[in-house]
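What follows is a short report on a single structure.
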Amino acid sequence: MIVKITAKRQVTFPARVLDAMGVKPGDRLELTESPDGYLIRPKRIDPSRLGTLRDKIAPGHPPFDIHTFREQSYDPTLRD
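So the sequence shown is residues 50 to 129, counted in our numbering.
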């Protein structure tokens with residue numbers, strides 16, 4: 050598969066590739082160098098690193114669903 054690099058050094062991946070990788074806008078990709086080139090894969094959060102945040106959440110606070118959050122529309126004027 051061939052993709053094109055824009056003048057701003059951006060790459061657009063086909064939607065079917067991103068769907069197969071399970072990534073959505075805002076997700077991060079990890080590039081790992083190898084003798085054959087670079088491996089591109091989704092950057093996953095290590096759940097063990099989240100343990101220190103548990104005491105920061107108020108008891109009884111409803112769970113946060115990241116998938117629902119990502120599906121919500123947003124106001125593009127709030128973008129940085």
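Glycine is no exception: its CB is placed at the ideal position from the N, C-alpha and C atoms.
Selected residue, minimal CA-CA separation from Ile-89, among Gly-109, Leu-67, Ser-122, Arg-119:
In the sequence shown, counting from the first residue as 1, residue 89 sits at position 40. It is Leu-67.
With a CB to CB cut of under 8 Å and the five nearest residues on each side skipped, what residues in its chain are close to Gly-75?
To locate residue 75, count along the sequence shown from 1; it is residue 26. Once the five neighbours on either side are set aside, the close Cβ partners of Gly-75 are Arg-119.
Best match in Arg-65, Pro-91, Gly-100 for proximity to Leu-80 [C-alpha to C-alpha]
Here residue 80 refers to the residue found at position 31 of the sequence shown. Comparing alpha carbon positions, the residue from Arg-65, Pro-91, Gly-100 closest to Leu-80 is Pro-91.
Inspect the beta-carbon positions of Val-72 and Val-60 and report whether they are closer than 8 Å.
For the purposes of this step, residue 72 is identified with residue 23 of the sequence shown, where counting begins at 1. For the purposes of this step, residue 60 is identified with residue 11 of the sequence shown, where counting begins at 1. The answer is no: Cβ separation not under 8 Å.
Which residues mark the beginning and the end of the beta strand (DSSP E) in which Leu-78 is found?
Here residue 78 refers to the residue found at position 29 of the sequence shown. Counting along the chain, the beta strand (DSSP E) containing Leu-78 begins and ends at 78–83.
For a test of the three-state rule: what should DSSP assign to Ile-115, helix, strand or coil?
For the purposes of this step, residue 115 is taken as residue 66 along the sequence shown, with counting starting at 1. Reduced to three states, the DSSP call for Ile-115 is helix.
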